[in-house]
Every structure is written in structure tokens, then in C-alpha cells.
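Some notes on the structure that comes next.
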């Protein structure tokens, strides 16, 4: 296993800049997720590392050795795709053995490695089957197995779970994460699914329009997004945003004219240090809005607009004057459309963004 | 608006029975979701109601009038598909106005109704755009607008959100529900997405292999699934299942991997249900929020090993090994046990479901 480092890597297709000066480092044994919407440049980044694309600018290092000039075969990386691309006429065993046979490894050694790998992936009972008799999840495990047997330096995984149904995706998520930890492999893993990214990653690199937005651990990315894009892309439902105006004394006029929020002294200090213009965006996650049916003096009046049951919790769309926010409440908090409720914001969890640069202030 | 009744509907395609003896009652203004995996017969059912397929057996009534022999056009329904078919050469305004103009309604009346709909759907600002300039979400709203404007008796929606990205789908879910309440339309909605079903439906019809598995409110379906199929299909992460037997008042896992001592009340209930409950092969079902962490000294504590922890920002999913079973437990985001750590958990008894392993029916 090895580390991977990208230094100012750029790649264009005609006039379109697919990725722009990508700087990132995946540590030895780390699971780094590259997260972003379709067209953000995730696949281009992975293909550049694999040697399937040639960046016009920048350097790529595997174990601190520059690989820009090396062919894909000489980079010793394994690529796992969304479409598993197994050999249809081979058994699972032969599919997994094929990369080893290509390297002329002895038969009994191949047998040993395939058996061991299939044990790790819980597919030993499938070794004699052909791909057509496998489920989607089984096929994806075989594809992983074929990558694993080679013991490559780096695993590149391009949305490997996207074609599986929701149920299986959730199961595979945990299994791949555990597998990566057990074999201490270096994974560079692309996905558009924020839940997949949060749940699996040691660190997440958020990509938008070919540019890195933030690289951090799951909890940092979720709790301290550096801009509005990251804040809105992570979390389900996403963060609520409302324009606001900063007033002297740490007061936020949200809406403006919808409701007021007073920041804590430390928040106030931080904002006053950074803010140059009073026009800001107030951000709050749905779980940081407290909702109550009782009447308290300093809580804000609102009306239930829509109730979404989610099984273990409910999402409420709440109307505060002319403004709508989503709040997450326990499943046993029973309200109906049109009910009057009171809301309050969890002040330490408030986010503030600059309205023009969209960068985080708080 | 109308009520819809389907009686003993069967539809075959060659040898394949796509829908088997389906019965369904949709009340006026109700939002019904047909939910199931691909190939379960949900779309075929919807197409029979629309008149796009002719049932082999059974009867379909709108407001107690038999409609089997009516053409789709005469049924006064609106159908919205996964792929919104807009007229590419017409503006958003003209696309929405189209069905009214086709009916020869006066120009001023058309204008008034179109403007109301554009406002309702928040697409007033794009009224002069043509479809190719629209985002998929905008296009889907225009398709909805064109369906609503005719004021049909019944709305039929076939996976209308499937082609939108995850983020946008969430927002549209809420908008659709708000819209349906405002318009007050009787709605039948087909999806394979359990979150869409649970969040929007008044009632869910869960289907598998052409057969209705359960009809109920989202809460009934979530908390009291009738069988293993329904239990497994609803919820994210899904329900955990553990093989067990019932002996001397306790549920006991394979090779003694866990023991859940039931309250006297539950024991009585189980004994009343069936005399052959002892030693019958059972499956214990428990949702990720029905498992709680406890101490080693808790007599109800079950020993488990942490397999892996999945942080999701708002919460963590802790994966645990209990015997040969892998369980998912929902916890707060600050609970971060180490992989391999030994922990103790217990199951909340009121959240336990019990299934007969052979028939897969919920017996508890």
C-alpha cells in the first residue's frame, strides 16, 4: 500500500476545464472520498491517477514517485467501476484469478490468494458460479476481489455502489469500510452520495465544477462547512438558508424582518472580527431547530406547512411569516398541517455565510 | 375529485401474471402510494386504472361507475410519467395552457387558470422559456402544471421524481405533498422508493410479485409490518433480523448468541397466539432505533462486538456483530465506539417484531 499525492492537477476537454489545480493527498491506509454532483470532475480525477487521462498540468505521485510518465499498467493501481465488467464466461474463481495469471504467478499460489481473498469478501461459496448467476452485490464483491488479489498500491473506486439498490448499498457501505480497515489499503473513492461519503470516509474532498471546496473529516465537513455549497450538499434534508442582516450587539435580523436571533458573545466576537458588510446568510440544520407545541415567551411563532414521516423521525416544513424552514423532529412528535407551533434555534449551531462570496463566517 | 375502487384485478402478459387479484379502495382526496421493487406490478396496476392496459379480470370504478370500457380520454384522469413529455416548440405558458385550449375554453379563462397554476408551482418567472432551457426539476413542474390544470378526477403519477437528483427529489417530495393537499386531488402514486412512500402517503399499498402484501398508513407499515418482505422493504437502514426460538419465556438466538426475556404480558400474548410456539423457528425483527446500549451488568444485556461505525452527520449507524448476525444501531453523532470493542445492548421490547421463519408472517 502507498500514499497518493496530487499537485495542481488540471485537465481540460476542449474548452471545458474538467478539473482545476487539484491539490490533495491520500495517506497510506486512508479511505479518502471524492464527493460531488455529476459533472464535478470526480471521474476525471480518478482517471488521471490511473493514467487513463493525461493532465495538461500538475504532478501525480504514488509513494512519492512521480507517475505522470508511466503507463496505467506500470502505476500499480486497481480501478473498480460502477459497472463491474466481469468476464461473463469465466467462473468467479477465474475472474478473480485472471490478473494473477496475467502476471504468470504459480498455480498453487493463485489458488491460495483467491481463496483467502474470497474468504475476506464472503464469496467463497460462489467461486464456481458464473456472473449471470450472481446478484448485483455479489458481482460487485467479485469485482472488488479481482482488484484485491493484485495487492495494488492504491485502489481507485468510481461509484462502485451506484448500481445497487438502496438496501444493498447500505449493507455494502459498512462492509467495504471494514474491509479497507482490515487490509489497511489506500482507497480513493468517488461518489455523488453524501451519506456514502460521510459514513465511509476517513476524510472527504468535496468537489464542485472541477475545484476542491474542502478536505476534512466527516464531522468537520458536516459541522464546519467552509462555504454554502458544502453546507447544502451534505446532510439530508440539507441546511436551511435565509438572508439576514447583522446588527450591532450581535443581533441578526433574519429575513430581514422575519425574526431576530442573538448570537453568543464568542460568536459575536468572531463575526465582528471578520464581517465587512452586514448582508449575510443565516444557515441552520433541520436538527438544530427546536419545535414545541407549548407556548414559551422567547420562542418564535410558526405554522406547520407539511409533515413528512420518515419512520424513525419526521421532517416538518414550517412557515414563519413568509419564510419556510425544514425542521427534524422525533417520530412521536405528532402535528398536522396548519397546527401552530413554537420554534427556537440552537444558537451554538448557527452558521453564517458571506452573501456574495458564500464563504463561511461562523 | 373522485373515489376509485378496484375489485379483483388480474392482468397477464402471456404466461406472466403481472397483477394478481388486486383489491383497492381509494377515498376522495386520498394520497395512495403503490410501493414495491421493479416488476412487482405497481405500474401495471396504475396503467389499468388509467385505461392504458385492459384487465384480464376484475372491475375498476370511479365514483361507483364502472370504467372498464371507457377510453383513457373519457376517464377524466391526468397521468404524469417519469419522463415528462413537454412540447419542445411551445413555451412553458403554452405547454400548461395546451389541454384547456384543446377543450375550447375561452381565452380569458385559460389565461386566468394558467396564471394560477404557474403561481402555485412557482414557475411564473420561466413562463416564456422553452423546455430545452429548463432544469429537470422545472420541466417536471411544468408537466405537473399541465396535468393539474384540467382539474381531473384522479391523478396518476408514475415515479415522477425518479429522474431528479437526490437533493432535488427531497424538495419536490414536500412540494408535491403540499400541492396535492391544496388541489385536494385523489392521487395514486407509484414508486420503488420507500422514503417517498412513507413521507408522502396517506396510505401505502406494498406490492411484491403482483400481489398486495399490506395496505396501511405509513405508521402501521413501519411499526407493524405484516410479513418479512414489508419489514425488509421499509426503513433506512432497514430492520435487523435475527433467527431465534421461543423457550421458557425467552427468545433465544442461534447457539445462544442472545437471550431476550419477555415480560409476562408478552409471554401470555405469545402463548395465546399459538400452542406450537415453543421451539418453532422464528425471526426477531428490530429496527435500528429499537436497540439501545446498556451495561455489562444489565441482566437483559446482549454481548456484541463493534464491526464498524458509520457517521452520518446527524447520527451514527453503529454496526455490531451478535453471533453470526450483523446489526445496525442508530446512535447520536457523538457516540463513537472503536472497531472490535465489546459492547452490551438490549432490545426495546415494544419494538420487537416476531416472524414465523417458514411462513414469513408477523405473528406478534
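Protein chains in written order, with this note's numbering: chain E, 1 to 362; chain H, 1001 to 1364. Positions of the beta carbon are idealized from the N, C-alpha and C atoms, including for glycine.
Can you give me the Cβ contacts of residue i inside the same chain, cut-off strictly under 8 Å, excluding the 5 residues immediately before and after it?
i	result
residue 1259(H)	1250, 1251, 1252, 1253 and 1302
residue 229(E)	206, 208, 213 and 358
residue 1038(H)	1192
residue 1298(H)	1344 and 1346
residue 331(E)	309, 310, 311, 312, 313 and 314
residue 251(E)	260, 261, 262 and 263
residue 413(E)	For residue 413(E) there is no data in the structure shown, the boundaries of chain E being 1 and 362.
residue 269(E)	none
So, are the CB atoms of residue i and residue j less than 8 Å apart?
i	j	result
residue 1352(H)	residue 1286(H)	yes
residue 1313(H)	residue 189(E)	no
residue 161(E)	residue 196(E)	yes
residue 96(E)	residue 146(E)	yes
residue 236(E)	residue 1170(H)	yes
residue 341(E)	residue 293(E)	yes
residue 372(E)	residue 283(E)	Because chain E is modelled from 1 through 362, residue 372(E) falls outside the range shown and cannot be assessed.
residue 91(E)	residue 116(E)	no
residue 1011(H)	residue 1004(H)	no
residue 140(E)	residue 93(E)	no
residue 7(E)	residue 23(E)	yes
residue 1200(H)	residue 1177(H)	yes
residue 1035(H)	residue 1180(H)	no
residue 1139(H)	residue 1152(H)	no
residue 1246(H)	residue 1203(H)	no
residue 254(E)	residue 304(E)	no
residue 1173(H)	residue 1161(H)	yes
residue 1137(H)	residue 1118(H)	no
residue 100(E)	residue 149(E)	yes
residue 1326(H)	residue 1283(H)	no
residue 1333(H)	residue 1350(H)	no
residue 1142(H)	residue 1086(H)	yes
residue 1225(H)	residue 1362(H)	yes
Spatial neighbours of residue i within its chain, please: CB distance less than 7 Å, with the 5 preceding and 5 following residues excluded, ordered by chain position.
i	result
residue 37(E)	192
residue 325(E)	240, 289 and 318
residue 110(E)	97, 100 and 101
Measure the alpha-carbon distance for residue i versus residue j and round it to whole angstroms.
i	j	result
residue 12(E)	residue 55(E)	8 Å
residue 1175(H)	residue 1337(H)	39 Å
residue 89(E)	residue 169(E)	26 Å
residue 48(E)	residue 83(E)	19 Å
residue 1007(H)	residue 302(E)	44 Å
residue 26(E)	residue 210(E)	18 Å
residue 123(E)	residue 132(E)	15 Å
residue 87(E)	residue 121(E)	19 Å
residue 1090(H)	residue 1147(H)	16 Å
residue 1330(H)	residue 1322(H)	16 Å
residue 107(E)	residue 125(E)	20 Å
residue 45(E)	residue 2(E)	18 Å
residue 218(E)	residue 224(E)	10 Å
residue 1232(H)	residue 1104(H)	50 Å
residue 152(E)	residue 321(E)	58 Å
residue 231(E)	residue 35(E)	13 Å
residue 1106(H)	residue 1145(H)	19 Å
residue 1360(H)	residue 1088(H)	50 Å
What residues match up with residue i in a beta bridge as DSSP calls it?
i	result
residue 1104(H)	DSSP output for residue 1104(H) lists no bridge partner at all.
residue 1344(H)	1294(H) and 1303(H)
residue 296(E)	None; residue 296(E) has no bridge partner.
residue 1078(H)	1155(H)
residue 194(E)	Paired residue(s): none; residue 194(E) is not in a bridge.
Between residue i and the rest of its own chain, which residues show a CB-CB distance below 6 Å, the 5 nearest in sequence each way excluded?
i	result
residue 177(E)	200
residue 187(E)	31, 155 and 180
residue 349(E)	288
residue 1393(H)	Nothing can be reported for residue 1393(H): it is not among the residues displayed for chain H, which extend from 1001 to 1364.
residue 1124(H)	1118
Using a Cβ cut-off of 7 Å, which residues of the stretch 282-311 of chain E contact any Cβ in chain H, in chain order?
-> 287, 305, 306, 308, 309, 310 and 311
Contacting positions in the stretch 1166-1189 of chain H - beta carbon closer than 9 Å to chain E = Answer set for the stretch 1166-1189 of chain H: 1166, 1167, 1170, 1171, 1173, 1174, 1175, 1177, 1178 and 1181.
Report the residues of the stretch 1212-1224 of chain H with a CB closer than 8 Å to any CB of chain A, ordered along the chain.
-> Of the protein chains in this structure, namely E and H, none is chain A.
Select from the stretch 220-243 of chain E all residues with a C-beta closer than 9 Å to any C-beta belonging to chain H, and list them in chain order.
-> Flagged, chain order: 221, 222, 223, 232, 233, 234, 235, 236, 237 and 238.
With 9 Å as the C-beta to C-beta threshold (strictly closer), list the residues of the stretch 1192-1207 of chain H near chain E in chain order.
-> Against chain E - using a Cβ distance shorter than 9 Å - the residues of the stretch 1192-1207 of chain H are 1192, 1193, 1194, 1195, 1198, 1199, 1200 and 1201.
Below 8 Å between beta carbons is the criterion; list the residues of the stretch 1290-1322 of chain H that meet it against any residue of chain E, in chain order.
-> 1307, 1308, 1310, 1311, 1312, 1313, 1314, 1317 and 1319
Going along the stretch 196-207 of chain E in order, which residues come within less than 8 Å of chain H, judged by CB to CB distance?
-> From the stretch 196-207 of chain E, only 198, 199 and 200 have a Cβ closer than 8 Å to chain H.
Which residues, in order along the stretch 1236-1247 of chain H, keep a beta-carbon less than 9 Å from a beta-carbon of chain E?
-> 1236, 1237 and 1238
Within 8 Å of chain H by C-beta, residues of the stretch 23-38 of chain E in sequence order | 37 and 38
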